[in-house]
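So the sequences go chain by chain: U, Z and S.
With the first sequence counted from 1, adding 495 to any position gets you the numbering used here.
With the second sequence counted from 1, adding 495 to any position gets you the numbering used here.
With the third sequence counted from 1, adding 495 to any position gets you the numbering used here.
Backbone N, C-alpha and C fix where the C-beta goes; we use that ideal spot for every residue, glycine too.
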Amino acid sequence: MSSMLTSEKLGAARSPNTEPKHDATRLHHLIESQQLTLPLLMELFNRSRGMERVVARGGTLDYQNRILATLFYRPSTRTRFCFEAAMQRLGGRVLSTEHAGAFSSEVEAEQIEDSIRIIGSYADVIVVRHPEAGGAKRAAQVSPVPVINAGDGEGGQHPTQALLDLYTIYRERPLVGLSVAIVGELDKGRTARSLAYLLAKFDRVKIFFVSPHELQMKSDILDYLDAHGVRYELEADIERVIREVDVVYQTRIRPERVRDRKELQRYAINSGVLAKMKSDALILHPLPRTVELDKTVDDDPRALYFKQAANGLYVRMALLTMLLERDQE
Amino acid sequence: MSSMLTSEKLGAARSPNTEPKHDATRLHHLIESQQLTLPLLMELFNRSRGMERVVARGGTLDYQNRILATLFYRPSTRTRFCFEAAMQRLGGRVLSTEHAGAFSSEVEAEQIEDSIRIIGSYADVIVVRHPEAGGAKRAAQVSPVPVINAGDGEGGQHPTQALLDLYTIYRERPLVGLSVAIVGELDKGRTARSLAYLLAKFDRVKIFFVSPHELQMKSDILDYLDAHGVRYELEADIERVIREVDVVYQTRIRPERVRDRKELQRYAINSGVLAKMKSDALILHPLPRTVELDKTVDDDPRALYFKQAANGLYVRMALLTMLLERDQE
Amino acid sequence: MSSMLTSEKLGAARSPNTEPKHDATRLHHLIESQQLTLPLLMELFNRSRGMERVVARGGTLDYQNRILATLFYRPSTRTRFCFEAAMQRLGGRVLSTEHAGAFSSEVEAEQIEDSIRIIGSYADVIVVRHPEAGGAKRAAQVSPVPVINAGDGEGGQHPTQALLDLYTIYRERPLVGLSVAIVGELDKGRTARSLAYLLAKFDRVKIFFVSPHELQMKSDILDYLDAHGVRYELEADIERVIREVDVVYQTRIRPERVRDRKELQRYAINSGVLAKMKSDALILHPLPRTVELDKTVDDDPRALYFKQAANGLYVRMALLTMLLERDQE
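Here is the structure:
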């Protein structure tokens with residue numbers, strides 16, 4: 496696969512002017528995935544390819560005087576490490592909070608505007624995980640430096656996760672015409688939500704939302720897909736779609752949220768489901784997992800979730816370079 | 496304003512021999528603000544000006560082999576980030592604790608001497624926040640490397656906060672002859688206490704301590720001011736002094752500590768108070784705030800508290816260079 | 496003492512083939528101290544001497560593009576700082592968790608395999624402290640990068656602690672023929688366990704395990720010593736051995752684990768015990784201490800425990816260079 500990504504490869508580009516709220520060619524903050532236009536995605540993915548080469552060489556770039564701050568009001572060792580490693584592989588430096596919210600109750604989270612204004616005078620870019628949907632946007636509105644949303648609330652977004660998800664698919668096959676099953680407790684699935692917004696940018700994509708009825712994807716996403724002419728179906732059993740999809744995007748199902756524990760099988764990937772999948776299908780999962788993804792799947796060549804996690808490094812390195820360059824102009 | 500600071504600008508220097516316990520020309524540790532003589536303040540502020548230029552250039556200094564450890568038994572994301580950013584902007588490295596005391600109950604805090612002796616063999620300078628007044632001094636007594644007090648106990652000190660407070664004023668106007676209102680729950684205000692010690696070094700300063708009677712500044716500070724011939728008054732209503740002061744140093748008032756909630760208005764800055772202030776007055780606050788500083792004040796040109804927080808970076812960079820140089824001699 | 500270490504100095508080498516499970520000449524992970532053969536120990540101690548010189552010069556090595564991750568499911572500020580300082584003194588970078596287990600209950604610890612596979616794609620080496628014995632081994636089995644066990648469970652191991660313990664003795668005297676008292680609550684003493692394994696590699700060593708009967712060293716260690724022909728005795732009073740030993744390796748005794756508090760005196764070092772020790776004996780303690788090591792001992796020239804803690808820096812620097820070089824081959 497060539498390292499250059501063009502509009503053609505990504506499918507006939509939807510007009511960027513369908514995202515009126517965001518600048519199509521510049522990225523100041525990354526708060527929600529729908530703000531990423533196709534040109535920005537193209538640039539990001541091209542840079543991500545370059546970052547794969549930088550890391551493989553064991554090199555770094557010229558960011559030794561730039562500082563990234565991670566401000567996590569909820570802990571996530573893996574996401575935080577990925578951002579911090581990305582900055583360090585660029586040659587940069589890190590200020591880190593493991594769990595800012597643990598110690599100051601919600602006072603600090605409530606005062607995120609003051610915190611961001613202050614931290615923005617120490618750091619060059621801030622990664623925020625906030626307990627409430629909209630928290631990252633509030634941060635961006637006052638920040639003197641770029642803000643990246645690393646997850647805001649159960650019903651919010653996690654756009655860099657969606658970027659690395661999409662990048663993982665893009666590295667394997669064309670995105671146009673893709674058939675994707677998004678499986679799990681989708682009402683609170685911010686990674687599923689963010690991915691749906693991104694998939695909507697590509698022509699002839701079809702999405703199957705597979706979830707117990709009471710945990711299905713919320714109407715705001717479905718309305719967005721309708722408005723953008725994206726085909727989707729709601730399903731309640733993975734078996735009904737598993738033979739036809741190109742990608743299974745599996746997400747967490749907490750057993751306590753499903754009324755009948757036996758029903759969990761309808762939303763889980765195990766050897767029986769594997770047998771019915773296309774031989775070249777891709778299995779993704781944002782991790783961590785509970786019962787919905789059996790460890791026996793790990794050895795299947797279609798299982799890409801550890802590669803997916805590794806891709807987070809390249810995508811976040813690429814994103815940081817875009818934000819920090821913009822910031823300097 | 497010239498970048499050089501001289502004794503004259505700071506006012507007629509008080510004799511350094513009024514601080515018999517500390518070395519007037521060398522700084523080994525920074526535990527309490529009264530140990531800073533005028534020559535040391537002069538050097539620190541001159542270096543801070545230089546650090547502003549280093550940061551503006553996006554450069555670093557030559558500290559890549561030096562390590563700062565933050566040992567915080569109580570969390571403070573903002574203060575910790577400021578110290579860590581200061582070390583990193585110098586080119587140095589950081590070992591970090593978000594909340595050392597959270598996990599080992601008070602055992603580790605009790606054994607701070609052992610911890611400091613060990614950490615002092617890994618790091619070149621240690622920043623301590625300790626739950627008890629005197630904790631930082633205990634640390635300094637055994638440390639093989641410089642110790643900086645980043646707050647010890649509610650009734651202790653926080654000298655680097657006072658330094659950045661004073662630097663913020665110094666950057667705007669002469670310190671000699673200054674009229675300052677220090678407002679808030681002053682009995683437990685370690686930033687207010689540390690600032691009072693520093694202000695006492697300058698001629699013809701006048702301080703108004705504005706606080707509910709039961710939360711007024713403690714007698715140890717008042718005795719110190721008396722002994723050093725500094726004029727001060729105790730007030731219980733900000734309105735009584737607001738028209739004449741050059742600086743309002745506002746600090747936190749927790750509503751639950753005031754008997755009558757309506758009385759809180761006497762110690763708060765809002766648009767009514769703003770209207771009565773001098774047109775060139777300065778409003779400072781160490782942040783975080785509760786109810787005593789309305790967000791509507793943020794847009795007033797006299798509001799300097801975010802600039803004040805940003806100045807913390809320069810002052811702490813300057814302080815670190817002074818301590819690490821001394822350490823090498 | 497020469498900076499070169501040879502087999503002869505270490506005593507007649509036991510045959511490496513007594514450790515059939517581990518590679519005698521290569522180190523991929525460090526999980527348990529018995530995997531260290533004499534040639535590996537020799538290499539490690541020689542490198543550690545070199546690291547003393549690197550640190551004394553204030554220099555760093557060429558690891559600026561390598562990242563160490565500390566994944567601590569239980570907090571230990573001192574051990575974590577030592578590893579992180581070691582990586583930074585090599586010029587490398589750090590990803591850090593103060594207490595990964597605090598926030599995600601045991602879920603993350605249970606899923607350590609997934610976490611390690613992901614973190615192993617961000618970092619070049621991972622240091623794990625895990626709540627259960629065997630946790631580090633589970634991590635190593637799936638890790639794409641070297642794993643170091645920084646303590647796993649109360650009955651597990653802490654091999655780098657044993658390495659720095661042994662290095663501290665080695666820097667002072669020959670290891671062959673050494674007489675060592677290991678004192679404390681040994682049933683749960685993972686540092687005591689790890690040290691016993693290492694001492695077993697040297698000829699004519701004699702070990703006295705000094706502990707209340709109910710807290711004595713477990714049979715797995717005693718069986719290992721029997722199998723390797725190492726002399727040992729079980730004692731219940733430090734007074735009975737104090738006159739003859741070359742080294743007292745004192746470890747923690749939690750008073751609540753001893754039935755009769757007065758009996759604690761039998762396992763404590765104080766001025767009375769000091770008076771009976773050999774004039775050139777060495778007193779070691781992995782710290783932190785409770786009541787078993789009086790502060791009055793600190794000034795005795797035989798007290799080496801702060802030097803011991805400082806040696807951790809050199810030994811861990813040396814270990815990291817060995818693991819990261821192997822990793823690159």
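Next item on the list: Provide the residue(s) that pair with Asn-644/Z in DSSP beta bridges, ordered along the chain.
Entry: Val-623/Z
Item checked: Selection of the segment 548-573 of chain Z by Cβ proximity to chain U, strictly under 7 angstroms -> Listed by position, the residues of the segment 548-573 of chain Z near chain U (Cβ gap below 7 angstroms) are Gly-553, Gly-554, Thr-555, Pro-570, Thr-572, Arg-573.
Check: Using the rule of at least 16 other Cβ atoms within 10 Å of the residue's Cβ for burial, across every protein chain shown, is Pro-570/U buried or exposed?
Finding: Flag for Pro-570/U reads buried.
Next item on the list: Taking only the alpha-carbon atoms, compute the straight-line gap between His-523/Z and Gln-711/Z and give it to the nearest angstrom.
Entry: 32 angstroms
Checklist line | Same chain only: Cβ atoms within 8 angstroms of Glu-579/Z, ignoring 5 sequence neighbours per side | finding: Leu-563, Thr-565, Val-589, Ser-591
Check: Mind pulling the beta strand (DSSP E) runs of 3 or more residues that sit fully within the segment 747-822 of chain U?
Finding: Residue ranges of uninterrupted beta strand (DSSP E) with 3 or more members, entirely inside the segment 747-822 of chain U and ordered along the chain, are 777-779.
Notebook entry, point to check: Which partner residues does Ala-564/Z have in the DSSP bridge list?
Noted result: Leu-590/Z, Ile-621/Z.
Checklist line | Which residues DSSP lists as bridging Arg-548/S, in chain order | finding: In DSSP, Arg-548/S forms no bridge with anything.
Next item on the list: To the nearest angstrom, report how far apart Val-671/Z and Ser-543/S are at their CA atoms.
Entry: 56 angstroms
Next item on the list: Give the C-beta separation of Phe-576/S and Glu-593/S to the nearest angstrom, bearing in mind that I take them to be a contact with Cβ-Cβ under 8 angstroms.
Entry: The pair is not a contact, with the Cβ atoms about 11 angstroms apart (cut-off 8 angstroms).
Note to self: I need the straight-line Cα distance from Gln-803/U to Leu-659/U, nearest angstrom please.
What the structure shows: 7 angstroms
Next item on the list: Taking only beta carbons into account, state which residues of the segment 610-621 of chain Z come closer than 7 angstroms to chain S, listed in chain order.
Entry: Ser-610, Arg-612, Ile-613, Ile-614, Ser-616, Tyr-617, Ala-618
Next item on the list: State the start and end residues of the unbroken alpha helix (DSSP H) segment that holds Val-637/Z.
Entry: 630-637 is the span of the alpha helix (DSSP H), which, as asked, contains Val-637/Z.
Next item on the list: Let me know if Gln-636/S comes out buried or exposed under the rule of 16 or more other beta-carbons within 10 Å of its beta-carbon.
Entry: exposed
Item checked: Integer Cβ distance of Leu-779/Z from Val-742/Z, believed to fall under 8 angstroms -> 6 angstroms
Check: If we ignore side chains and look at the alpha-carbon of each, how far apart do Leu-782/Z and Thr-746/Z end up?
Finding: 7 angstroms
Margin query: Whole angstroms are fine: how far does the CA of Tyr-617/U sit from the CA of Val-620/Z?
Written below: Val-620/Z and Tyr-617/U have their C-alpha atoms spaced approximately 20 angstroms apart.
Notebook entry, point to check: Does any CB atom of chain Z fall closer than 7 angstroms to the CB of Thr-488/U?
Noted result: Coverage of chain U is limited to positions 496 through 824, which leaves residue 488/U absent and any answer about it impossible.
Next item on the list: Just confirm the distance between the C-beta atoms of Arg-461/S and Gly-650/S, as a whole number of angstroms; I'd bet it's less than 8 angstroms.
Entry: Because chain S spans 496 through 824 in this model, residue 461/S falls outside it and cannot be assessed.
Margin query: Spatial neighbours of Ala-687/Z within its chain, please: C-beta separation below 6 angstroms, excluding the five flanking residues on both sides.
Written below: Ile-677, Leu-681, Thr-746
Check: When DSSP builds the beta bridges, which residues end up paired with Gln-606/S?
Finding: When DSSP reads this structure, Gln-606/S sits in no beta bridge, so it has no partner.
Next item on the list: Output yes or no for whether 7 angstroms exceeds the beta carbon distance between Met-582/Z and Ala-813/Z.
Entry: no
Note to self: So, at 7 angstroms on beta carbons, what are the nonlocal neighbours of His-708/Z in its own chain, with the 5 sequence-adjacent residues on each side left out?
What the structure shows: Ala-731
Check: Is it the case that the Cβ atoms of Ala-662/Z and Ile-702/Z are separated by a distance below 7 angstroms?
Finding: Here residue 662/Z is Tyr; the residue named in the question, Ala, does not match the sequence. Result no, Cβ atoms of Tyr-662/Z and Ile-702/Z do not sit closer than 7 angstroms.
Margin query: For Leu-759/Z, tell me which candidate among Leu-729/Z, Tyr-744/Z, Ser-706/Z has the shortest Cα-Cα distance.
Written below: Of the candidates Leu-729/Z, Tyr-744/Z, Ser-706/Z, the one whose C-alpha sits nearest the C-alpha of Leu-759/Z is Ser-706/Z.
Check: Given a threshold of 16 other Cβ atoms within 10 Å of its Cβ, counted over all protein chains shown, does Asp-647/U qualify as buried or as exposed?
Finding: buried
Margin query: Please state the DSSP three-state secondary structure of Ala-731/Z.
Written below: coil
Check: Are there three or more Cβ pairs, one per stretch, closer than 8 angstroms when the segment 608-616 of chain S is compared with the segment 637-645 of chain S?
Finding: yes
Notebook entry, point to check: Could you give the C-beta distance for Ala-763/Z and Glu-787/Z, rounded to a whole number, given that I count them as a contact under 8 angstroms?
Noted result: Right, the Cβ-Cβ distance comes to about 5 angstroms (below 8 angstroms), so this counts as a contact.
Notebook entry, point to check: In this structure, what does DSSP give as the bridge partners for Leu-525/S?
Noted result: Ile-643/S
Next item on the list: Could you tell me which of Phe-704/Z, Thr-655/Z, Ile-716/Z, Asp-698/Z sits nearest to Tyr-692/Z, measuring between CA atoms?
Entry: Ile-716/Z
Check: In whole angstroms, what separates the C-alpha of Asp-557/Z from that of Ser-766/U?
Finding: 57 angstroms
Notebook entry, point to check: Glu-728/U CB to nearest chain S CB: under 7 angstroms?
Noted result: no
Next item on the list: Measure the beta-carbon distance from Ala-664/S to Thr-655/S and round it to whole angstroms, keeping in mind my assumption that it falls under 8 angstroms.
Entry: Note that residue 664/S is Ile in the sequence shown, not Ala. Contact flag wrong, Cβ pair sits at about 15 angstroms.
Checklist line | Boundaries (first-last residue) of the alpha helix (DSSP H) holding Ser-674/U | finding: From DSSP, Ser-674/U is part of no alpha helix (DSSP H) but of the beta strand (DSSP E) over 674-678.
Next item on the list: List the residues of chain S that Thr-592/Z touches, going by C-beta distances under 7 angstroms, in chain order.
Entry: Thr-572, Glu-593
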